[in-house]
Ligand SMILES: [Zn+2]
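In our numbering, the protein residues as written are 407 to 803.
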């Protein structure tokens, strides 16, 4: 029977889920994203975003590849406390065999197979426009003897100010509990430990923004990759943080959810006894939507036909969900043995029809010519699917 492995993996598990994490991070103190080793990088990454009705607004970018690099290092650090990998696996020499490589991907660099990442990091744009969000510091070299300013403008650097908000989205595709936990571990510990920003005594970090339902985080989980409720996604052009707060306040609001379905041509019936909505189309019952505290479930059918389609966790309950999965990651690492993982590994390779001699894997093919990678299907290729060397360099150590 498939999925009967001691060490599970979303690629072969019948229990794999899709998870979308939408969270707003805000800066505490002045920050720069990255690890601070890029000494000559004193300019903040920015982007011009088109706005409705014409024109542009300039936003600060918290790049998905930087966030991903920092996360991966944090996951490696915990993994290495439990596992003695042979060969060792580290950035940039990823082994392509270990559990984290099969979750976060690996670029073949001319040999072996590519592994697509199943954790997809979108770049985040600041809510506040860049002219408000960025401070420029001019560093002079004051003359110690005569107290003159000395050589002015010797060096200038840009820093992101405090209270700048970054709505982030991360998609975890076909993952099992420990894999959700690996991401959860990275997110929670990196926010807590200020690791998304350059380390320096005078610089701050990030924290989860707060709203009326607690922290601004929504975690949507689907068993089959179907999400009847829309993910909370802040438009790139949004410059009003009050509107962002409202979007997160609406996420658990059954009345708002009812309106959302009615706009799509469905009818909603309220069942007062059970405090739930039934969504119907032409008298056929499609879904049942129920709210319990900060958790919303969307289900389908009854009795033997019953299926849970989607669960939404909001605010502190979302954090609780992630904390619980973080423990699953630890349990996975504690239960890891080379033999058990080799069984999982051969099941993965069997399923992907992976042929080591040709280096061909599903959806990705070994590079051709002068060692440069090329995806088999250019249309499928996105920055997120294959980790490049550059993005992995930008994490903090
Ligand atoms: Zn590895």
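Beta carbons are placed, not taken as given, at the ideal position from N, Cα and C, and that holds for glycine.
Taking 8 Å as the cut-off, is the beta-carbon of residue i closer than that to any non-hydrogen atom of ligand 2?
i, result
"residue 569", "Because ligand 2 does not appear in the structure shown, any question about it cannot be addressed here, the ligands present being ligand 1."
On a CA-only basis, which of the options is nearest residue i? Give me that one, please.
i, options, result
"residue 502", "751, 759 and 526", "751"
"residue 680", "696, 671 and 541", "696"
"residue 473", "704, 572 and 737", "572"
"residue 699", "620, 534 and 541", "620"
"residue 535", "661, 673, 450 and 633", "450"
"residue 565", "551, 748, 544 and 479", "544"
"residue 425", "723, 701, 632 and 740", "632"
"residue 818", "500, 574, 550 and 664", "Residue 818 falls outside the range modelled here, since the chain spans only 407 to 803, and no answer is possible."
"residue 678", "494, 660 and 550", "660"
"residue 722", "596, 618, 738 and 663", "618"
"residue 648", "616, 668, 753 and 662", "616"
Between the C-alpha atoms of residue i and residue j, what's the straight-line distance to the nearest angstrom?
i, j, result
"residue 421", "residue 708", "21 Å"
"residue 419", "residue 755", "13 Å"
"residue 542", "residue 760", "51 Å"
"residue 436", "residue 527", "23 Å"
"residue 423", "residue 583", "8 Å"
"residue 614", "residue 462", "28 Å"
"residue 690", "residue 725", "36 Å"
"residue 509", "residue 481", "11 Å"
"residue 626", "residue 674", "21 Å"
"residue 563", "residue 486", "36 Å"
"residue 357", "residue 610", "This structure leaves residue 357 out entirely; the chain is present only between 407 and 803."
"residue 694", "residue 706", "6 Å"
"residue 415", "residue 499", "22 Å"
"residue 748", "residue 739", "14 Å"
"residue 484", "residue 597", "16 Å"
"residue 717", "residue 518", "38 Å"
"residue 507", "residue 537", "39 Å"
"residue 511", "residue 455", "30 Å"
"residue 753", "residue 520", "17 Å"
"residue 668", "residue 727", "30 Å"
Check whether the Cβ atoms of residue i and residue j lie closer than 9 Å to each other.
i, j, result
"residue 580", "residue 417", "yes"
"residue 622", "residue 430", "yes"
"residue 376", "residue 599", "Past the boundaries of the shown model lies residue 376; the chain is included only from 407 to 803, so the question cannot be answered."
"residue 704", "residue 635", "yes"
"residue 540", "residue 567", "yes"
"residue 594", "residue 479", "no"
"residue 650", "residue 533", "yes"
"residue 530", "residue 470", "yes"
"residue 719", "residue 701", "yes"
"residue 629", "residue 715", "yes"
"residue 432", "residue 570", "yes"
"residue 602", "residue 439", "yes"
"residue 592", "residue 477", "yes"
Within the same chain, show all residues whose beta-carbon is closer than 7 Å to that of residue i, passing over the 5 residues directly before and after it, in chain order.
i, result
"residue 676", "683"
"residue 746", "412 and 413"
"residue 638", "428, 624, 653, 654 and 657"
"residue 459", "none"
"residue 731", "583, 586, 587 and 590"
"residue 434", "568, 610, 611, 612 and 613"
"residue 823", "This structure leaves residue 823 out entirely; the chain is present only between 407 and 803."
"residue 493", "501"
By Cβ distance, which residues of its chain are closer than 8 Å to residue i, with the 5 residues on each side in sequence left out?
i, result
"residue 671", "687"
"residue 666", "635 and 636"
"residue 457", "463 and 643"
"residue 645", "463, 533, 534 and 535"
"residue 552", "none"
"residue 663", "635, 683, 695 and 702"
For residue i, which residues from the same chain have a beta carbon less than 6 Å from its beta carbon, with the 5 sequence-adjacent residues on both sides left out?
i, result
"residue 805", "Nothing in the structure corresponds to residue 805, since the chain is present only between 407 and 803."
"residue 453", "465 and 467"
"residue 491", "504"
"residue 495", "501 and 504"
"residue 744", "none"
Distance cutoff 9 Å, beta carbons only. Does residue i sit that close to anything in chain B?
i, result
"residue 416", "The chain labelled as chain B is not found in the depicted structure, where only one protein chain is given."
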